[in-house]
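Undergrad: No gaps in the numbering here: position 6 of the sequence shown is 149 in the numbering used here, and each next residue is one more. We treat Cβ as the ideally placed atom computed from N, Cα and C, and that holds for glycine. Attaching a single structure in structure tokens format; questions to follow.
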Amino acid sequence: ARFYNNIFHNAGSGKLVVKSGGRTALFNNNAYWGYQIADLTETNPIITNPMIIAPLTINAGINNTNNFKLDSDSPLINKGVHVKDIEQQNYWLPYEGLKDF
144 ARFYNNIFHN AGSGKLVVKS GGRTALFNNN AYWGYQIADL TETNPIITNP
194 MIIAPLTINA GINNTNNFKL DSDSPLINKG VHVKDIEQQN YWLPYEGLKD
244 F
């Protein structure tokens with residue numbers, strides 16, 4: 144499994160654990176916030192408040208996703224890495240998400 148350009152946001156006291164111990168999962172350029180311990184082998188971690196608008200306000204439906212967007216002052220804006228550059232043009236998905244959420 145490969146995890147690129149994600150935000151792992153913890154509003155509680157949970158511990159982030161990868162069951163493979165990092166042996167079969169590749170993590171690169173992910174942001175982490177709210178974790179006391181992150182047991183990952185991360186290539187390029189970003190440890191900062193992502194400034195998600197209201198991550199704890201949940202309403203059902205695709206039309207209610209604005210609370211999960213980044214605030215305009217977020218340090219993560221334009222910080223994603225180009226996956227094809229990491230995968231050396233061998234990335235298997237034809238469209239890698241050309242637009243941030």
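Work out the CA separation of Glu185 and Phe151 for me, nearest whole Å.
TA: Taking the straight line from one Cα to the other gives about 12 Å.
Undergrad: Residues in its own chain within less than 8 Å of Thr194 by CB, not counting five upstream and five downstream?
TA: Strictly speaking, residue 194 in this sequence is Met, with Thr absent from that position. Result list for Met194: Leu213, Asp214, Asp216, Ser217, Pro218, Leu219, in chain order.
Undergrad: Using beta-carbon positions only, say whether Asn173 and Ile196 come within less than 7 Å of one another.
TA: No, they are not a contact pair.
Undergrad: Taking the alpha-carbon positions, what's the Ser156 to Thr167 distance?
TA: Each residue's Cα considered, the two are about 26 Å apart.
Undergrad: Would Tyr178 pass as a contact of Leu199 if the rule is Cβ separation under 7 Å?
TA: Contact: no.
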